[in-house]
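Trainee: All residue numbers for the sequence shown refer to my numbering, where the first residue is -18 and numbers rise by one.
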Amino acid sequence: MKKSIIIYLFIAIQLFSCTKQQEWLEAKVNLNSVVPEKIGDFQALLDTDNQFQSQGLMGVISNGQFNILDVEYDAIEVAISRNLYIWNKTIYEGAFFLDWDKNYQMITIANICIEGLSKIKISTTNKGAYELAKGIAHYNRSIAYFNLIQLFAKAYDSNTANTDLGVPIRLTSDVNERPGRASIKACYNQILSDLNEAINLLPNETGLQIRPSKTAAKGTLARVYLVLERWDLANQFATDALSQYNVLIDFNTLSTTASLPFPTYQNKNIEVINYREMNANLSYTSNNSFMDTALYASYDNNDLRKVIFYRLFSNRPIFKGFYTGNAITPFGGLATNELYLIKAEALARLGNTQEALLTLNTLLEKRWRRGTYRSFTAVNSDEALRIILTERRKELPFTGNLNWSDLKRLNKDTRFARTLKRTIKSVVYELPPNSSRYVFPIPAAEIILTGIQQNERE
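Structural data, given as structure tokens:
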């Protein structure tokens, strides 16, 4: 059914790109005409690279990690990218961006697979393949909802999560189903439910980094609990994941002069637990761009990240350290370095200063020139937390939407809140902490089609 799978996937993608009612209905007719039947068919859908391994860039463009010169800004042809860069109130200007559509495409295919697999009789011969496919579907759905909630909803607040608007929760393949926006609490409950189901179904290893494993599901659960400020559970699942896989790259083994210091997916980055990509964009790696100079200056000269993550052009630091091994495609998956940082932060917030810094130092020893690293110490957990959050920024630039998510959650604490600033043609643009512009507008086509409530932006 390989050809049918390709057609099916294409139609699913087109379905969520439709902006007109007639196109939606025509897509629905075609969608119902191609139905996967075998476990292998569903697995083929889930393995499709361009569907599940490419994510939008709204959070990356807006997170303030990089800056561009006026000439580069003028060269950006897509109005959305220009508007995202300066945090405009209005973004789309009649066009669309992938972040909403792409994630709901992922959700639709996950729903199709979960529904279809439930109709297949499980036997001793197909149980492993069945559980793998179903586990991946639940994992992918959780990732999609987590992406959406970081971009199109407020930062999680336990006091208001039951009333703050999240995103529509779709759990069936019925294209006629148009639920309203669920609460942020309900969205996170769904994310947690899917991840726990994935943990129950997935094997410890899948053999392919694009296929999530039990380790990936536990690590992602740790990421979610960090956002939910459940430090005990963030620590628990980060520890569980690291007990299954904890390999770190010794940066002393990498070329400091290589234009692309990390291996491509085909050559396997050994820190990667689940491989996913963001969409490519030239703006943040061109010679007319530069990274946050204060961030760059914070790296010690013996910290190899300073020369492995960055290159200098006209004394401007430009990022080159993508974990994809690609010059313009950020990494959007899960790797062990993030898990060490989750564990360290959670432990510090729990008051376990010694173990928190031991965890951080284990990571950083692999980042500095041999014989030069001096372990961090702290007099209390508050000092340890500040150190860990600083190192988190230095370790995870251009890693999915993590920096955007971190800004939102940390802005709630005045100790860590930051005002982002960018300058274009002598005009200074700012994004203050907790601004409503941290919540992106839902595409107008979705509002027209479903009638859901739009996000308000100042």
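Cβ coordinates follow ideal geometry from the N, Cα and C atoms, glycine included.
Which residues in the same chain as A365 place their Cβ atom closer than 6 Å to its Cβ, once the five residues preceding and following it in sequence are excluded?
Mentor: Translated into the one-based positions of the sequence shown, residue 365 becomes position 384. For A365, where only same-chain residues beyond five positions count, the Cβ hits under 6 Å are A329, T334, A337, L338 and A359.
Trainee: What residue from G45, F421 and L391 has the CA that sits closest to L370's CA?
Mentor: Residue 370 sits at position 389 when you count from the first residue of the sequence shown. Closest by alpha carbon: L391.
Trainee: Whole angstroms are fine: how far does the CA of L401 sit from the CA of N44?
Mentor: Taking the sequence shown and counting its residues from 1, the one referred to as residue 44 is at position 63. Taking the sequence shown and counting its residues from 1, the one referred to as residue 401 is at position 420. N44 and L401: Cα-Cα distance of roughly 8 Å.
Trainee: Just the Cα atoms here: how many angstroms apart are S240 and K301?
Mentor: By 1-based counting over the sequence shown, the position of residue 240 is 259. By 1-based counting over the sequence shown, the position of residue 301 is 320. Whole-angstrom Cα-Cα distance: 7 Å.
Trainee: Hey, which unbroken runs of the beta strand (DSSP E) at 3 residues or more fall wholly within the segment 196 to 281?
Mentor: Counting whole runs of 3 or more residues, the segment 196 to 281 contains the beta strand (DSSP E) stretches 253 to 255 and 270 to 272.
Trainee: Taking the runs of the alpha helix (DSSP H) that are 4 residues or longer, which of them lie wholly in the segment 22 to 46?
Mentor: For the segment 22 to 46, whole alpha helix (DSSP H) runs of length 4 or above, ordered along the chain, are 30 to 33 and 39 to 43.
Trainee: V52 to N269, Cα distance in whole Å?
Mentor: For the purposes of this step, residue 52 is identified with residue 71 of the sequence shown, where counting begins at 1. For the purposes of this step, residue 269 is identified with residue 288 of the sequence shown, where counting begins at 1. Those two C-alpha atoms are separated by around 7 Å.
Trainee: DSSP three-state label for S407, please.
Mentor: On the sequence shown, residue 407 is found 426 positions in, with the first residue counted as 1. Residue state, collapsed to three classes: coil.
Trainee: Looking at the secondary structure, which residues open and close the alpha helix (DSSP H) in which A308 lies?
Mentor: Looking up residue 308 in the sequence shown gives position 327. Counting along the chain, A308 falls outside any alpha helix (DSSP H), and DSSP gives it neither H nor E.
Trainee: Suppose the cutoff is 6 Å on Cβ atoms and the five residues either side in sequence are ignored; what does the same chain contact list for W212 look like?
Mentor: Indexing the sequence shown from 1 puts residue 212 at position 231. Excluding sequence neighbours, W212 sits near A327, R330 and L331.
Trainee: Where does G352 fall in DSSP's three states?
Mentor: Taking the first residue of the sequence shown as position 1, residue 352 is located at position 371. Three-state DSSP puts G352 in coil, outside helix and strand.
Trainee: How many whole angstroms separate the CB atoms of K83 and G37, which I take to be in contact at a CB cut-off of 8 Å?
Mentor: Translated into positions along the sequence shown, residue 83 becomes position 102. Translated into positions along the sequence shown, residue 37 becomes position 56. Yes, K83 and G37 are in contact; Cβ-Cβ is about 6 Å, under 8 Å.
Trainee: Taking the CB atoms as reference points, tell me whether F23 and A134 lie closer together than 7 Å.
Mentor: Along the sequence shown, one-based indexing puts residue 23 at 42. Along the sequence shown, one-based indexing puts residue 134 at 153. The answer is no: Cβ separation not under 7 Å.
Trainee: Excluding sequence positions up to five away, which residues of its chain have a Cβ less than 7 Å from the Cβ of I251?
Mentor: By one-based count along the sequence shown, residue 251 stands at place 270. Hits under 7 Å: V228 and I230.
Trainee: Output needed for I323: all residues of its chain with C-beta closer than 7 Å, excluding positions within five of it in sequence on either side, in chain order.
Mentor: Position 342 of the sequence shown, counted from the start, is the residue given in the question as residue 323. If we look at I323 and ignore the five residues flanking it on each side, its Cβ neighbours are A203, R204, L207, A215 and A219.
Trainee: For V148, which of helix, strand or coil comes out of DSSP?
Mentor: Counted from its first residue, the sequence shown places residue 148 at position 167. Here V148 sits in strand by DSSP.
Trainee: So, at 6 Å on beta carbons, what are the nonlocal neighbours of A91 in its own chain, with the 5 sequence-adjacent residues on each side left out?
Mentor: As a working note, residue 91 is residue 110 in the sequence shown. Same-chain partners within the cutoff: A118, N121 and R122.
Trainee: Who does K402 pair with in a DSSP beta bridge?
Mentor: Taking the sequence shown and counting its residues from 1, the one referred to as residue 402 is at position 421. Answer is E411.
Trainee: Measure the CB-CB distance between N255 and G313 and report whether it falls below 7 Å.
Mentor: Residue 255 sits at position 274 when you count from the first residue of the sequence shown. Residue 313 sits at position 332 when you count from the first residue of the sequence shown. Against a cut-off of 7 Å, the Cβ pair of G313 and N255 comes out as no contact.
Trainee: With a CB to CB cut of under 6 Å and the five nearest residues on each side skipped, what residues in its chain are close to Q190?
Mentor: Residue numbering aside, residue 190 sits at position 209 when the sequence shown is read from its first letter. Same-chain partners within the cutoff: V253 and Y256.
Trainee: Would you mind reading off the limits of the alpha helix (DSSP H) that contains F127?
Mentor: By one-based count along the sequence shown, residue 127 stands at place 146. From DSSP, the alpha helix (DSSP H) with F127 extends over K108 to F133.
Trainee: Compare the C-alpha of C94 against each of D28, T144 and R63 and name the closest.
Mentor: Mapped onto the sequence shown, residue 94 falls at position 113. Answer by Cα proximity: D28.
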